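In the working numbering, the protein residues as written are 2 to 215. The beta carbon of each residue, even a glycine, is placed where N, CA and C say it ideally should be. Given the structure is predicted, the values throughout are model-derived calculations rather than measurements.
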DNA sequence: TTCCCGCAGG
DNA sequence: CCTGCTGGAA
């Protein structure tokens, strides 16, 4: 099926308004780093622990004791790397952007600046661009490439290629692009798992995966 | 390709 | 017990 059809079908079944549980740009950035290869439940645990300890604000995180940061971030796994990456990012924003994440996010080269930071790759950068900055970037995560490939929308494992395709097909609309990502994540978790549950999936008829089995 | 790493679910 | 998770870097 094509992307338009997929979007319409997903929209009938998922309501992803307010899908990202935090609205503060910096908290979205922190969550984007913590959620790398990690279940979101663990991210919430760490973010609330950071908040409780007063280490969530940019300046506080930048000045925090590394071991304390590691302890609070531990539930998310890769805790030494993530603590370091978060603190590096906080120091960067404190020193170069007056501790204001928004002054980074509104720059034309915001995505490149994010990508230049250790621990922020394409997926994390785009997650920040769309959910923290509200700018039109599609997060072409592994989940998305899997669903888009199985359904026959586009068969590619190349992050940039898939992103470009979606940008072109859907248009540079931040709400639509973030919604598509959110709906695909929900769908991938419920039906389109590593081992797909096509029996219960409402997309089974138009999906190419089923078609290929027949 | 391998390592980083805890945690919920099966 | 084992698997997979809203990745990134060496």
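Measuring C-alpha to C-alpha distances from residue 5 to each of 74, 35, 149, 75 identifies 149 as the nearest.
If you draw a 10 Å sphere on the C-beta of residue 38, you find fewer than 16 other C-beta atoms in it, and that means exposed.
Annotation for residue 175: the continuous alpha helix (DSSP H) segment containing it runs 175-191. Residue burial annotation: residue 169 is exposed, with fewer than 16 other C-beta atoms found within 10 angstroms of its C-beta. Rounded to the nearest angstrom, the gap between the Cα atoms of residue 117 and residue 206 is 43 Å. Residues 80, 81, 84 of the same chain have their beta carbon placed closer than 8 Å to that of residue 71, with the five preceding and five following residues left out of the count. Going by C-alpha positions, residue 130 is about 18 Å away from residue 143. Under the 10 Å beta carbon count, residue 127 is surrounded by 16 or more other beta carbons and is classified as buried.
Cβ contact annotation for residue 201 (same chain, cutoff 7 Å, sequence separation greater than five): 192, in chain order.
For the beta strand (DSSP E) assignment, the segment 30-60 encloses no uninterrupted run of at least 3 residues.
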